[in-house]
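Participant: Sending over a structure as structure tokens; questions will come in a sec.
Residue numbers (our numbering): 48 to 231.
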């Protein structure tokens, strides 16, 4: 059943690139794709549907109270102070999603999480964080299944995953490979 705030989009194969710079803007007017309601975006496959931030801003920002489901796609080339690829403060579900080649000046090169994330068949790779969590910096609730965190870098701690004191992480069948941090 549909409600006024629930939307489902099927996105075809191709590269979809953000084209408007918009750091620190959360009204869905410029820069990243701000999610304020309930949204599902389904691609054609992680190797076929690509959403590219063009290093202009992060790709997705899930605001408190919002829900986003991403399925069968790649998120790449995001750039922000926290959460280069995705900043999640709501509820995020990832199904067959790659998050690659994103940069955070501080924390969470691929993902910065203060909300709830559930992921199945996810790859977070080749991301960079200036401080903590090259792939993921987690302050919320994180559940990952059949996931790979590989070849990420963090300037201080957690090349792959940095789970903050406030965060909880449940990892099932997760591979953490070739990640680095500036301090160990």
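Backbone N, C-alpha and C fix where the C-beta goes; we use that ideal spot for every residue, glycine too.
Please read all numbers here as calculations on a predicted model, not as lab measurements.
Which value, in whole angstroms, describes the spacing of the CA atoms of residue 109 and residue 129?
Facilitator: As a position in the chain shown, residue 109 is number 62, starting the count at 1. As a position in the chain shown, residue 129 is number 82, starting the count at 1. Cα-Cα distance, rounded: 13 Å.
Participant: Do you know how far the Cα of residue 97 is from the Cα of residue 215?
Facilitator: Stepping through the chain shown from its first residue, residue 215 is reached at position 168. Stepping through the chain shown from its first residue, residue 97 is reached at position 50. Distance between the alpha carbons of residue 215 and residue 97: 29 Å.
Participant: Measuring alpha carbon to alpha carbon, tell me which residue in 61, 175 and 124 is nearest residue 103.
Facilitator: Sequence index remark: in the chain shown, residue 103 carries index 56 (1-based). If we check each option's Cα against that of residue 103, 124 comes out closest.
Participant: According to DSSP, which residues form a beta bridge with residue 106?
Facilitator: Counting from one through the chain shown, the residue named residue 106 turns up at place 59. Residue pairing by DSSP leaves residue 106 without any beta bridge partner.
Participant: Looking at the unbroken beta strand (DSSP E) that takes in residue 53, where does it start and where does it end?
Facilitator: The residue given as residue 53 occupies position 6 in the chain shown. Note, residue 53: beta strand (DSSP E), 53 to 57.
Participant: Select from 149, 140, 201 and 228 the residue whose C-alpha is nearest the C-alpha of residue 100.
Facilitator: Locating residue 100 in the chain shown gives position 53, counting from the first residue. Looking at the Cα atoms, 149 is the closest of the given residues.
Participant: Which residue comes first and which comes last in the beta strand (DSSP E) that contains residue 225?
Facilitator: Residue numbering aside, residue 225 sits at position 178 when the chain shown is read from its first letter. Residue 225 -> no beta strand (DSSP E), and no H or E assigned at all.
Participant: With burial defined as no fewer than 16 other Cβ atoms inside 10 Å of the residue's Cβ, what is the status of residue 79: buried or exposed?
Facilitator: As a working note, residue 79 is residue 32 in the chain shown. Result: buried.
Participant: Ignore the nearest five residues each way along the sequence and tell me which others in residue 203's own chain have a CB closer than 7 Å to its CB.
Facilitator: As a working mapping, residue 203 is identified with position 156 in the chain shown. Taken in chain order, the residues that qualify are 178, 179, 228, 229 and 230.
Participant: Taking 8 Å as the limit between beta carbons, can you name the residues of its chain near residue 225, skipping five residues before and five after?
Facilitator: Sequence index remark: in the chain shown, residue 225 carries index 178 (1-based). Cβ neighbours of residue 225 beyond the five flanking positions: 197 and 198.
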